[in-house]
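To start, the structure under review is shown below, and the notes come after it.
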Amino acid sequence: DINSLKRGVATARARGLKPVAVIPVDLFGQSADHDAIAAVAEAEGLFVLDDAAQGFGATYKNRKLGTFGLATGTSFFPAKPLGCFGDGGAIFTDDEELARTLRSIRVHGQGSDKYDNVRLGLTARLDTMQAAILLEKLKIFDDEIAARNKVAERYSRALGNLVAVPRLAPGCTSVWAQYTIRLSEGIDRDAFAAALKAQGVPTMIYYPKSVHQQTAYSHYPVADGGLPVSERLSKDVIALPMHPYLDEAAQDRVIAAVRSALTA
């Protein structure tokens, strides 16, 4: 709901705060509505930092994620669509000055002289093993995205009459970091998850609490009117197994378990 972003900016300013940036999240493998967000950001004089941790490889209106806003961050955590074997990530920007600053921060705040640190920094280099793994995985990344899309298509065809399945906007693609469905009102999500578990099908809830509901953010202001969409979805979404090597027999077991749990 783009209006919640507008309300959030207005709320912050009404409380004497000075918002400077918008951080959209490309959740579950799909992009945020970047045109609408960019329009609000430009009107309000804010820059955009895109969180593509779950969306790297996807497109928004035929344009790859990683090319929106001032900068985009992504994650190479093993559970992500392009994952290494440990922790890792990358930042993308076409701002040369920002890129130089980020490279400096990545290595202790290093300046042109190796032993002259010109700012506070981190030890955030991607280690050689993770980089080597990612180089190999990049070679099959497009094939894995295609395989994930085939799984998603089969799920959607089989389950679309029982639950709310994910839908893609025109011109957009997903890398299906998760395949998240919405259960109808009145269905006990915990009981549904337990029924699938009893049939050997794991599920996950991403996420039981929205960011603004978490303890660390409890003292931060929330847009006037709250964030009802996030709060509602956190109560009725659940993710089914999704990865590029999920064969049709395994997919059929997931589909059958969902149908059984919802029609029992």
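Okay, so the sequence shown: first residue is -15 according to our numbering, each after it adds one. Note that CB positions come from ideal geometry on N, CA and C, so glycine has one too.
Looking at the structure shown, is Gly(-8) part of a helix, part of a strand, or coil, going by DSSP?
In the displayed model, Gly(-8) falls within a helix according to three-state DSSP.
Straight-line CA distance for Ala175 to Leu246?
10 Å
Cut-off 6 Å between Cβ atoms - residues of its own chain near Leu(-11), not counting five sequence neighbours on either side:
Val24
Would you list the one or two residues that DSSP bridges to Met113?
Looking at the DSSP assignment, Met113 forms no beta bridge with any residue, so it has no partner.
Is it right to say Ile129 is buried, meaning 16 or more other beta carbons lie within 10 angstroms of its own, or is it exposed?
buried
List the endpoints of the continuous beta strand (DSSP E) containing Ile222.
Val221 to Leu224
Quick one: using the 10 Å Cβ neighbour count with 16 as the cut-off for buried, is Asp10 buried or exposed?
buried
Can you give me the Cβ contacts of Leu167 inside the same chain, cut-off strictly under 7 Å, excluding the 5 residues immediately before and after it?
These residues qualify, in order along the chain: Val147, Arg173, Phe176, Asp220 and Ile222.
Where in the segment 169 to 200 do unbroken runs of the alpha helix (DSSP H), each at least 4 residues long, occur, reported from the N-terminal end onward?
173 to 182
According to DSSP, is Ile89 part of a helix, a strand, or is it coil?
helix
Going straight from the alpha carbon of Ala240 to that of Leu180, what length do you get?
Looking at the backbone, the Cα of Ala240 and that of Leu180 are separated by about 10 Å.
Residue from Ala200, Ser214, Ala182 and Thr199 with nearest C-alpha to Tyr251:
An answer regarding residue 251 cannot be provided, because it is not within the stretch -15 to 248 covered by the chain.
Could you check the C-alpha separation between Asp79 and Leu54 for me, to the nearest Å?
7 Å
With DSSP as the reference, label Asp48 as helix, strand or coil.
Rather than Asp, the amino acid found at residue 48 in this sequence is Lys. In this structure, Lys48 counts as strand in the three-state DSSP scheme.
With a threshold of 16 other CB atoms inside 10 Å of the CB of Lys98, please say whether the residue is buried or exposed.
By the neighbour-count rule (16 or more Cβ atoms within 10 Å), Lys98 is not buried but exposed.
Return helix, strand or coil for Asp78, following the three-state DSSP convention.
coil
Would you call the segment 58 to 74 in contact with the segment 84 to 102, where contact means no fewer than 3 C-beta pairs closer than 8 Å?
no
Are the Cβ atoms of Lys64 and Ala136 separated by less than 8 Å?
no
Gly57 in three-state terms, based on DSSP
strand
Output the boundary residues of the alpha helix (DSSP H) element that contains Thr164.
Judged by DSSP secondary structure, Thr164 falls outside any alpha helix (DSSP H) and instead within the beta strand (DSSP E) spanning Tyr163 to Arg166.
Boundaries (first-last residue) of the beta strand (DSSP E) holding Leu33:
Taken as a continuous stretch (DSSP letters only), the beta strand (DSSP E) holding Leu33 covers Phe31 to Asp35.
Per-residue DSSP class, three states only, for Ala142
helix
Could you compute how far the alpha carbon of Thr56 sits from the alpha carbon of Ala108?
16 Å
Burial state of Asp127, where buried means 16 or more other Cβ atoms lie within 10 Å:
exposed
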